[in-house]
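J.:
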Amino acid sequence: MAGGSVLYEIKVVKPKIWNFEVVKGDKAWEEVAYSARVSGVPANIPAEEVFKVMVRNDYGSVLEHIIIKFDVKMSKGNAPELLEHRIASHTGYSTRYIRVYEGIDREKPAYEVILPPHVMRNSEMRKAFLDMVSENLRLYEEMLASGMPKESARYILPFCMAVGIYHFTINLRSLLNMLGLRLCVRASPEFRCLASQLYFKLLDEIPLLRGLVGCRGFMRGTCPESDVTGVRVGKQHPSYPPCPFKNKESDIYIPTFKELRKGIKAGKFNLERAIEVQERIFEKWASWKF
Numbered sequence: 001m002a003g004g005s006v007l008y009e010i011k012v013v014k015p016k017i018w019n020f021e022v023v024k025g026d027k028a029w030e031e032v033a034y035s036a037r038v039s040g041v042p043a044n045i046p047a048e049e050v051f052k053v054m055v056r057n058d059y060g061s062v063l064e065h066i067i068i069k070f071d072v073k074m075s076k077g078n079a080p081e082l083l084e085h086r087i088a089s090h091t092g093y094s095t096r097y098i099r100v101y102e103g104i105d106r107e108k109p110a111y112e113v114i115l116p117p118h119v120m121r122n123s124e125m126r127k128a129f130l131d132m133v134s135e136n137l138r139l140y141e142e143m144l145a146s147g148m149p150k151e152s153a154r155y156i157l158p159f160c161m162a163v164g165i166y167h168f169t170i171n172l173r174s175l176l177n178m179l180g181l182r183l184c185v186r187a188s189p190e191f192r193c194l195a196s197q198l199y200f201k202l203l204d205e206i207p208l209l210r211g212l213v214g215c216r217g218f219m220r221g222t223c224p225e226s227d228v229t230g231v232r233v234g235k236q237h238p239s240y241p242p243c244p245f246k247n248k249e250s251d252i253y254i255p256t257f258k259e260l261r262k263g264i265k266a267g268k269f270n271l272e273r274a275i276e277v278q279e280r281i282f283e284k285w286a287s288w289k290f
């Protein structure tokens with residue numbers, strides 16, 4: 001095989017969420033309202049409003065009664081970012097036991113890779129990138145053919161291999177925490193793509209959450225990214241999308257904590273426009289098109 005091509009197709013894929021399920025479906029939010037009443041919320045407050053107050057005020061313990069399950073596919077290199085969200089259960093694709101061109105998620109054998117946006121946009125760099133990936137995978141195949149165990153051959157696998165595949169179970173409190181962090185413009189492009197897919201799938205299942213979910217600044221009403229150069233202050237960072245909430249003259253301006261402490265006053269917040277703006281951004285991120 002020396003100097004030859006790989007046995008199976010190298011297929012460029014996007015980060016992906018599938019098999020998304022909210023346990024108890026569109027009635028799951030009622031569990032939160034019920035739990036809140038157990039702890040003393042008056043019966044005369046409508047259940048829908050109880051649920052929204054629990055989310056809006058971050059009364060998180062009752063949100064843990066909503067359970068969400070989904071499958072996720074991401075790059076080998078960025079998978080540790082997902083596993084940083086520790087209040088969750090996950091079962092992962094094992095490169096120790098599975099040849100990386102196989103898997104229950106694909107119809108036929110193929111090497112799946114995820115390429116970052118800056119590589120996707122540069123045709124010359126993309127070709128060079130994929131040539132190098134092919135060389136690594138050729139060596140992977142040579143090692144397997146020589147009798148080397150998969151658990152050793154996998155050490156040659158590139159960062160971009162789409163083998164960060166997990167079946168994930170998480171409660172709503174933890175998922176909202178994840179989305180608050182990963183829907184920020186500072187999150188990695190790959191995780192923004194996944195978080196945006198999760199955002200739309202979650203709202204499809206629990207429409208009451210619309211207007212309550214977004215980046216941390218949107219959910220808190222105050223952005224924690226004070227003094228972050230290239231995002232909230234200074235010249236726009238070329239690798240980050242612009243923050244839609246930083247313009248002080250805008251009707252969707254969200255101040256940082258530091259700006260509030262300095263006495264900056266925010267005007268009336270146009271929630272509907274803010275939702276529309278961020279959802280346009282999330283649609284772009286979820287599409288993985290550049």
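Under the working numbering, the first residue of the sequence shown is numbered 1, with each subsequent residue one higher.
We treat Cβ as the ideally placed atom computed from N, Cα and C, and that holds for glycine.
Exposed or buried, what is residue 229 when buried is set at 16 or more other beta-carbons lying within 10 Å of its beta-carbon?
T.: Looking up residue 229 in the sequence shown gives position 229. Looking at its Cβ environment, which holds fewer than 16 other Cβ atoms inside 10 Å, residue 229 is exposed.
J.: Spatial neighbours of residue 112 within its chain, please: CB distance less than 6 Å, with the 5 preceding and 5 following residues excluded, ordered by chain position.
T.: Translated into positions along the sequence shown, residue 112 becomes position 112. 11, 13 and 162, listed in sequence order.
J.: Take residue 271 and list the residues in its own chain whose beta-carbon comes closer than 8 Å to its own, dropping the five residues that flank it on each side.
T.: Here residue 271 refers to the residue found at position 271 of the sequence shown. Contacts found: 211.
J.: Is residue 133 closer than 8 Å to residue 126 when the C-beta atoms are compared?
T.: Residue 126 sits at position 126 when you count from the first residue of the sequence shown. Residue 133 sits at position 133 when you count from the first residue of the sequence shown. Not in contact: residue 126 and residue 133 (Cβ atoms no closer than 8 Å).
J.: Looking only at its chain, what residues have a beta carbon closer than 8 Å to the beta carbon of residue 26, apart from the 5 residues adjacent to it on each side?
T.: Indexing the sequence shown from 1 puts residue 26 at position 26. Counting only Cβ-Cβ distances below 8 Å, and skipping sequence neighbours, we find 205, 206 and 207.
J.: Tell me residue 11's beta-bridge partners as DSSP assigns them.
T.: Within the sequence shown, residue 11 is the residue found at index 11, counting from 1. Answer is 112.
J.: Going by Cα to Cα distance, which pick from 197, 77, 174 and 101 is closest to residue 61?
T.: What you label residue 61 is simply residue 61 of the sequence shown in a count that begins at 1. Out of 197, 77, 174 and 101, 174 has the C-alpha closest to the C-alpha of residue 61.
J.: Check whether the Cβ atoms of residue 103 and residue 156 sit closer than 8 Å, and answer yes or no.
T.: Counted from its first residue, the sequence shown places residue 103 at position 103. Counted from its first residue, the sequence shown places residue 156 at position 156. The criterion of a C-beta distance shorter than 8 Å is not satisfied by residue 103 and residue 156.
J.: If you drop the 5 nearest sequence neighbours on each side, which residues of the same chain put their C-beta closer than 7 Å to that of residue 169?
T.: Translated into the one-based positions of the sequence shown, residue 169 becomes position 169. 67, 69, 88 and 89.
J.: State the DSSP-derived secondary structure class of residue 204, mapped to helix, strand or coil.
T.: Stepping through the sequence shown from its first residue, residue 204 is reached at position 204. Helix at residue 204.
J.: To which residues does DSSP link residue 230 through a beta bridge?
T.: Within the sequence shown, residue 230 is the residue found at index 230, counting from 1. According to the DSSP secondary-structure assignment, residue 230 is paired through a beta bridge with no residue.
J.: Here's a check: name, in chain order, each residue in its chain whose Cβ is nearer than 7 Å to the Cβ of residue 51, leaving out the five neighbours to either side.
T.: The residue labelled residue 51 in the question sits at position 51 within the sequence shown. Closer than 7 Å at the Cβ level, and outside the excluded window around residue 51, lie 29, 32, 33 and 208.
J.: Please work out which residues of its chain come closer than 6 Å, Cβ to Cβ, to residue 139, disregarding the five sequence neighbours upstream and downstream, and give them in chain order.
T.: As a working mapping, residue 139 is identified with position 139 in the sequence shown. For residue 139, where only same-chain residues beyond five positions count, the Cβ hits under 6 Å are 156.
J.: Taking just the CA atoms, how far does residue 249 sit from residue 3?
T.: As a position in the sequence shown, residue 3 is number 3, starting the count at 1. As a position in the sequence shown, residue 249 is number 249, starting the count at 1. Its pLDDT being 48, under 50, residue 3 is placed unreliably by the model, and nothing is read from it.
J.: Would you mind sorting residue 238 into buried or exposed? The rule is 16 or more other CB atoms within 10 Å of its CB.
T.: To locate residue 238, count along the sequence shown from 1; it is residue 238. Residue 238 should be labelled exposed.
J.: Which residues in the same chain as residue 277 place their Cβ atom closer than 8 Å to its Cβ, once the five residues preceding and following it in sequence are excluded?
T.: Numbered from 1 along the sequence shown, position 277 holds the residue referred to as residue 277. 244 and 252, listed in sequence order.
J.: Suppose the cutoff is 6 Å on Cβ atoms and the five residues either side in sequence are ignored; what does the same chain contact list for residue 167 look like?
T.: As a working mapping, residue 167 is identified with position 167 in the sequence shown. Taken in chain order, the residues that qualify are 71 and 91.
J.: Let me check one thing: in DSSP terms, what residues is residue 222 bridge-paired to?
T.: By one-based count along the sequence shown, residue 222 stands at place 222. DSSP output for residue 222 lists no bridge partner at all.
J.: Measuring only the C-alpha atoms, how far is residue 223 from residue 135?
T.: If you number the sequence shown from 1, residue 223 lands on position 223. If you number the sequence shown from 1, residue 135 lands on position 135. Rounded to whole angstroms, the separation of the alpha carbons of residue 135 and residue 223 is 44 Å.
J.: Beta-carbon separation of residue 185 and residue 101 under 8 Å?
T.: In the sequence shown, counting from the first residue as 1, residue 185 sits at position 185. In the sequence shown, counting from the first residue as 1, residue 101 sits at position 101. It is not a contact, given that the beta carbons lie outside the stated cut-off.
J.: Alpha carbon to alpha carbon, what distance is there between residue 65 and residue 291?
T.: What the structure shows of the chain is the stretch from 1 to 290, and residue 291 is not part of that stretch, so it cannot be assessed.
J.: Alpha carbon to alpha carbon, how far is residue 96 from residue 79?
T.: Your numbering for residue 96 matches position 96 in the sequence shown. Your numbering for residue 79 matches position 79 in the sequence shown. For residue 96 and residue 79, the distance between alpha carbons rounds to 16 Å.
J.: Considering only residues of the segment 39 to 120, which uninterrupted beta strand (DSSP E) runs meet the minimum length of 3 residues and lie entirely inside it, listed in chain order?
T.: 67 to 74, 88 to 92 and 111 to 113
J.: Of all the beta strand (DSSP E) runs that stay within the bounds of the segment 123 to 190, which reach a length of 3 or more residues?
T.: 164 to 171
J.: Have a look at residue 179 and residue 257 and give me their C-alpha separation to the nearest angstrom.
T.: The sequence position of residue 179 within the sequence shown is 179, counting from 1. The sequence position of residue 257 within the sequence shown is 257, counting from 1. Cα to Cα, the separation comes out at about 20 Å.
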